[in-house]
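Undergrad: Residue 96 in numbering that gives the first Met the number 0 sits at position 97 of the sequence shown, with consecutive numbering throughout. C-beta atoms are modelled at their ideal positions from N, C-alpha and C, and glycine is treated no differently. As the structure is a computational prediction, the values presented were derived from the model and not from experiment. The structure that follows is given in the form of structure tokens.
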Amino acid sequence: MATEAPKETTGERVLRIATELFAKNGYAATGVQELSEETGLGRGALYYHIKNKQQLLLTIAVNLLEGANREARRILASGGTAEDRLRRMAVHLLSELSTNRNAWITSMRDWKSLDEPHRTRVGHLRDEYEQYWQTLFDEGAEAGMFRPVHPMQRRAIVGMFTTSYRWIEPSGSLKPAAIAEMYVSLFLDGLRRRPEDDG
Numbered sequence: 000m001a002t003e004a005p006k007e008t009t010g011e012r013v014l015r016i017a018t019e020l021f022a023k024n025g026y027a028a029t030g031v032q033e034l035s036e037e038t039g040l041g042r043g044a045l046y047y048h049i050k051n052k053q054q055l056l057l058t059i060a061v062n063l064l065e066g067a068n069r070e071a072r073r074i075l076a077s078g079g080t081a082e083d084r085l086r087r088m089a090v091h092l093l094s095e096l097s098t099n100r101n102a103w104i105t106s107m108r109d110w111k112s113l114d115e116p117h118r119t120r121v122g123h124l125r126d127e128y129e130q131y132w133q134t135l136f137d138e139g140a141e142a143g144m145f146r147p148v149h150p151m152q153r154r155a156i157v158g159m160f161t162t163s164y165r166w167i168e169p170s171g172s173l174k175p176a177a178i179a180e181m182y183v184s185l186f187l188d189g190l191r192r193r194p195e196d197d198g
């Protein structure tokens, strides 16, 4: 007998609807009144489930980044070559961007609308995620697989993936894993050691 999916709580529904509205209209252009109308909750009931609009944006961004960081740590510890694990990181990230596109649109586009110290917290989580990629680049360089990767190159590579939130679609002709493979092949061809590097 199939197990039923857990029923969505009111708080989860509010967060989901807020994410959809923020992605569609922008965080700044979405008002509490619109949230109230779309959720079917009066302001009093809405504020029972949320502190304010900032809290919703923070929760969206933190949930995504903490989840990405947990998976990155798991991949780093999973064994295999640096290249193997880079491919797994790439597939996971693009799958996430495709599956949770509304949340990524909101997080990537609107996170700077957060007040301090929330903006700093999200910035640290983003930096932590990029550092896991840097760890794999460094491992690959130490193993003689790649040339050393400067942090600015890492930023460009990770940015190539994360900006895919602007266009990636779950129903697209290319699946996230296929796009990830294309991207990884693109940057690895630029990172592989060449004979002249040893001369």
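Do the segment 64-82 and the segment 133-149 make contact, defined as three or more Cβ pairs closer than 8 Å?
TA: yes
Undergrad: How big is the Cα-Cα spacing for Thr80 and Gly139?
TA: 8 Å
Undergrad: Determine the direct distance from the alpha carbon of Arg146 to that of Gln152, and round the result to whole angstroms.
TA: Annotation: Gln152 to Arg146 spans about 11 Å, alpha carbon to alpha carbon.
Undergrad: Leaving out five residues before and five after Leu124 in sequence, what residues of the same chain have Cβ atoms less than 6 Å from its Cβ?
TA: For Leu124, where only same-chain residues beyond five positions count, the Cβ hits under 6 Å are Leu64.
Undergrad: Is the CB-CB distance between Thr16 and Glu37 below 8 Å?
TA: Going by the sequence as given, residue 16 is Ile instead of Thr. Yes.
Undergrad: What are the boundary residues of the alpha helix (DSSP H) that Lys23 is part of?
TA: 9-24
Undergrad: Buried or exposed for Pro175, please, with buried defined as at least 16 other CB atoms from any protein chain shown within 10 angstroms of its CB.
TA: Pro175 should be labelled buried.
Undergrad: Tell me which same chain residues have a C-beta within less than 7 Å of the C-beta of Val157, skipping the five on either side of it?
TA: Glu129, Trp132
Undergrad: Do you know whose CA, among Glu127, Val183, Glu82, lies nearest Gly143's CA?
TA: Glu82
Undergrad: Tell me which residue opens and which closes the alpha helix (DSSP H) that Trp110 is part of.
TA: That residue, Trp110, is in no alpha helix (DSSP H); it is neither H nor E in DSSP.
Undergrad: What first and last residue would you give for the alpha helix (DSSP H) that runs through Ala27?
TA: Premise fails: Ala27 is in no alpha helix (DSSP H) and is neither H nor E.
Undergrad: Is Leu173 helix, strand or coil when you go by DSSP?
TA: coil
Undergrad: Can you give, in chain order, each stretch of the alpha helix (DSSP H) that sits fully within the segment 82-142 and has at least 4 residues?
TA: Complete alpha helix (DSSP H) runs here, min 4: 100-109, 117-141.
Undergrad: The alpha helix (DSSP H) that contains Ile59, what's its start and end?
TA: 52-75
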